[in-house]
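Colleague: Read in order, the letters of the sequence shown correspond to residues 13 to 328 in my numbering.
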Amino acid sequence: MDLARYRDVIGRRWTIVVALALLGGVVTGVPAARRDPVYRAETQLLVTFAAEGAAPPQPRPSAPEAGRLMQRRVKTYATMMNTPRLTRPVIDSLRLPYTTDDLATRVVASSTVNALAIDVAVTDRSGTTAAAIADALAAELQRIARRDLPPAGLGLKAQVAVVRPAVAPQRPEPVWWPLHTLGGAFGGLAIGLGVALVLGYRRAGTPVGADLRTVWAAVRRRPVASGPDVHGPDVHGPDVNGPDVNGPESDGPEPDGDADDFPPGVDPSASDGDRPDPVRPTPGGASVATSPPPGEEPDQDDGRVASPAVKARQVP
Numbered sequence: 013m014d015l016a017r018y019r020d021v022i023g024r025r026w027t028i029v030v031a032l033a034l035l036g037g038v039v040t041g042v043p044a045a046r047r048d049p050v051y052r053a054e055t056q057l058l059v060t061f062a063a064e065g066a067a068p069p070q071p072r073p074s075a076p077e078a079g080r081l082m083q084r085r086v087k088t089y090a091t092m093m094n095t096p097r098l099t100r101p102v103i104d105s106l107r108l109p110y111t112t113d114d115l116a117t118r119v120v121a122s123s124t125v126n127a128l129a130i131d132v133a134v135t136d137r138s139g140t141t142a143a144a145i146a147d148a149l150a151a152e153l154q155r156i157a158r159r160d161l162p163p164a165g166l167g168l169k170a171q172v173a174v175v176r177p178a179v180a181p182q183r184p185e186p187v188w189w190p191l192h193t194l195g196g197a198f199g200g201l202a203i204g205l206g207v208a209l210v211l212g213y214r215r216a217g218t219p220v221g222a223d224l225r226t227v228w229a230a231v232r233r234r235p236v237a238s239g240p241d242v243h244g245p246d247v248h249g250p251d252v253n254g255p256d257v258n259g260p261e262s263d264g265p266e267p268d269g270d271a272d273d274f275p276p277g278v279d280p281s282a283s284d285g286d287r288p289d290p291v292r293p294t295p296g297g298a299s300v301a302t303s304p305p306p307g308e309e310p311d312q313d314d315g316r317v318a319s320p321a322v323k324a325r326q327v328p
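1. Just to confirm my understanding: we take I28, look at its own chain, exclude 5 residues before and 5 after, and list those with CB closer than 8 Å. What are they?
2. Using a threshold of 7 Å, state whether the C-beta atoms of T111 and V50 are closer than that.
3. What does DSSP give as the partner residue(s) for R17 in the beta ladder?
4. Using a threshold of 7 Å, state whether the C-beta atoms of E185 and R47 are closer than that.
5. Verify whether the separation of the beta carbon atoms of G37 and A197 is less than 7 Å.
6. Quick one: what's got a C-beta closer than 6 Å to N94's C-beta in the same chain, skipping five residues either side?
7. Below 6 Å CB to CB, which residues in the same chain sit around V30 once its five sequence neighbours on both sides are set aside?
8. Among L32, R183, A45, P76, whose alpha-carbon lies nearest the alpha-carbon of S138?
9. So which of P76, Y89, L35 has the shortest CA-CA distance to V59?
10. Please go through the same chain and pick out, in chain order, the residues whose beta-carbon is closer than 6 Å to the beta-carbon of D147, but skip the five residues on each side of it.
11. Tell me, please, whether the CB atom of P109 is closer than 7 Å to any CB atom in chain C?
12. Using the beta-carbon count (16 or more within 10 Å), is P245 buried or exposed?
13. Which parts of the segment 127 to 160 are runs of the alpha helix (DSSP H), unbroken and 4 residues or longer, counting only runs that do not cross its ends?
14. If the criterion is Cβ atoms closer than 7 Å, does the pair W189 and A45 meet it?
15. Can you pull the DSSP bridge partners for A173?
16. In the DSSP assignment, find the unbroken alpha helix (DSSP H) run with V30 in it and report its ends.
17. Would you list the one or two residues that DSSP bridges to R52?
18. Verify whether the separation of the beta carbon atoms of G200 and L35 is less than 7 Å.
19. Spatial neighbours of E152 within its chain, please: C-beta separation below 8 Å, excluding the five flanking residues on both sides.
20. When you measure from the CB of S122 to every non-hydrogen atom of the ligand NAP, does any distance come out below 6 Å?
21. Is DSSP giving V210 helix, strand or coil here?
22. Decide if S123 is buried, meaning its Cβ has at least 16 other Cβ atoms within 10 Å, or exposed.
23. Tell me the DSSP secondary structure of A121 in three-state form.
24. Candidates V125, A150, N126: which alpha carbon is nearest A133's?
25. With a 10 Å radius around its C-beta and 16 neighbouring C-beta atoms as the bar for buried, classify G41 as buried or exposed.
26. With DSSP as the reference, label P96 as helix, strand or coil.
27. Which of the three DSSP states is assigned to Y89 in this structure?
28. In this structure, how does DSSP classify P245 when only helix, strand and coil are distinguished?
29. Between the alpha carbons of L81 and P162, how many angstroms are there, rounded?
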């Protein structure tokens, strides 16, 4: 179909397109607008490294190696923020109605590259609870850092300090329900256009199922093309024994020496001496027998084999 045909098909079914677009916007926008408010509390931690006073002095690595070891320890602490090692003590201390997996989905921790800071964000239906969870996680990480040994090869012990404590938010996180509604409307619009085109295609008398059945019937009626003979050449093909020794049959004159060259009454099997002289026709219609001149032998150019007597006379 061309562009005009598409426009005509969609124009006749514009109600379906509009209805599906509105339905998509309502399905995605209403739940987003009616979602419970969610509060977000954030805290920031700083990881520092210092030598213990009672520890004996140890050889220090180079500056690049020390920075790499510190970054590794900071990343380790950031990934621990939503693990059961930290979430289980927080749930027990705050008596939260969550499991470790539930609380892990509400905690997001990240660390900046080439920095020793850890940003922690906690979401909850209550702003006060979200701030309490963030502070409890920071306190638990400090306790773990005090018990951990210094990184191998660094000789410095990690210490965690709270740079920005969590504060209970006053407003919930904004829900962009218009964006959800717009996305659902575009999805419904695409579905509506597809449905309209399918209905127009079927109404034109060429449904997809009928086309498939027609193609299948045409394929079944199509004769199978004869390919090359896979069984080899015909056994009755050309004679492999060579040409016929008798030569091809033809209507032309037979070669000299056949029985047909002899006149009637002459035996072809007789020798040359026993055969009569050849007869030469005369103008008057009579036949005159001819013989070779005296002293000459009969002409043997006709291809016949001479008799033994003639052969004996031909020997010098």
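C-beta atoms are modelled at their ideal positions from N, C-alpha and C, and glycine is treated no differently.
Modeller: Reading it off the structure:
1. G204, V207, A208, L211
2. no
3. None, per the DSSP bridge assignment.
4. no
5. yes
6. Here the set comprises A116, V119.
7. none
8. R183
9. Y89
10. Within the same chain, A178 come within 6 Å of D147 by CB-CB distance, once the 5 residues on both sides are set aside.
11. Of the protein chains in the structure, only one exists, and it is not chain C.
12. In this prediction, P245 has a pLDDT of 49, which is less than 50 and means its spatial position is unreliable; what the coordinates show is noted afterwards. The C-beta of P245 has fewer than 16 other C-beta atoms within 10 Å across all chains shown, which makes the residue exposed.
13. 139 to 159
14. yes
15. Beta-bridge pairing links A173 to L58.
16. 26 to 45
17. T135
18. yes
19. L98, P101, V102
20. This structure does not include the ligand NAP; it has no bound ligands of any sort.
21. helix
22. buried
23. strand
24. A150
25. Counting the other Cβ atoms within 10 Å of the Cβ of G41 gives 16 or more, which makes it buried.
26. helix
27. helix
28. Note that P245 scores 49 on pLDDT, short of 50, meaning its location in the model is unreliable; the coordinates nonetheless yield the value given after this. Reduced to three states, the DSSP call for P245 is coil.
29. Their backbone Cα atoms lie some 10 Å apart in a straight line.
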